[in-house]
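Asker:
Residue numbers (our numbering): 4 to 126.
Quick look at the structure:
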């Protein structure tokens with residue numbers, strides 16, 4: 004999608020605002036309620052890190068843990084944008100709320116096709 008020229012000054016001002024972290028300007032977080040065999044699960048993913056040569060993030064959790072999944076994807080997306088990806092495949096990540104997430108590198112569940120760091124809530 005192209006941004007109309009008359010909207011660019013406002014977008015640039017917003018991006019430069021100290022209240023708007025740069026990672027939020029350069030990435031987009033999406034959320035999906037899953038269906039079929041994954042009914043009752045929720046998936047968040049980031050789009051934009053791949054443009055910087057970094058893996059995007061995909062977080063999968065039960066719908067009841069939607070708030071924790073959202074907080075975790077925000078945290079990990081910001082972390083990868085600021086310092087690169089330091090989450091090894093096959094390990095676990097413990098969030099500040101003490102929830103444990105399994106780390107796996109895979110292809111994205113939704114377009115665009117790209118490498119993602121997938122975090123799934125350990126049950």
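Note that beta-carbon positions come from the ideal geometry of N, C-alpha and C, so glycine has one too. What you are looking at is a predicted structure, and each value in this text was computed from that prediction instead of being measured.
Confirm, please, whether the CB-CB distance from residue 99 to residue 80 is below 8 Å.
Answerer: no
Asker: Under 7 Å: does the beta carbon of residue 91 sit that close to some heavy atom of the ligand GTP?
Answerer: Ligands are entirely absent from the displayed structure, and the ligand GTP is therefore not among its contents.
Asker: Would you call the segment 65-76 in contact with the segment 30-45, where contact means no fewer than 3 C-beta pairs closer than 8 Å?
Answerer: Proximity of the segment 65-76 to the segment 30-45 meets the contact definition, three or more beta-carbon pairs being nearer than 8 Å.
Asker: Would you please state the rounded distance, in angstroms, between the beta carbons of residue 126 and residue 104? I believe it to be under 8 Å.
Answerer: That belief does not hold up - the Cβ atoms of residue 126 and residue 104 are roughly 11 Å apart, past 8 Å.
Asker: Using a 10 Å radius around the Cβ and a threshold of 16 neighbouring Cβ atoms, would you call residue 113 buried or exposed?
Answerer: exposed
Asker: Could you check if residue 10 is buried or exposed, using at least 16 other CB atoms within 10 Å of its CB as the buried criterion?
Answerer: Burial state of residue 10 is exposed, judged by a 10 Å Cβ sphere holding fewer than 16 other Cβ atoms.
Asker: Tell whether a beta-carbon distance below 8 Å holds between residue 61 and residue 119.
Answerer: yes
Asker: What are the start and end residues of the alpha helix (DSSP H) that includes residue 71?
Answerer: Residues 69-86.
Asker: Going by beta-carbon coordinates alone, are residue 35 and residue 73 separated by less than 8 Å?
Answerer: Not a contact, by the Cβ cut-off of 8 Å.
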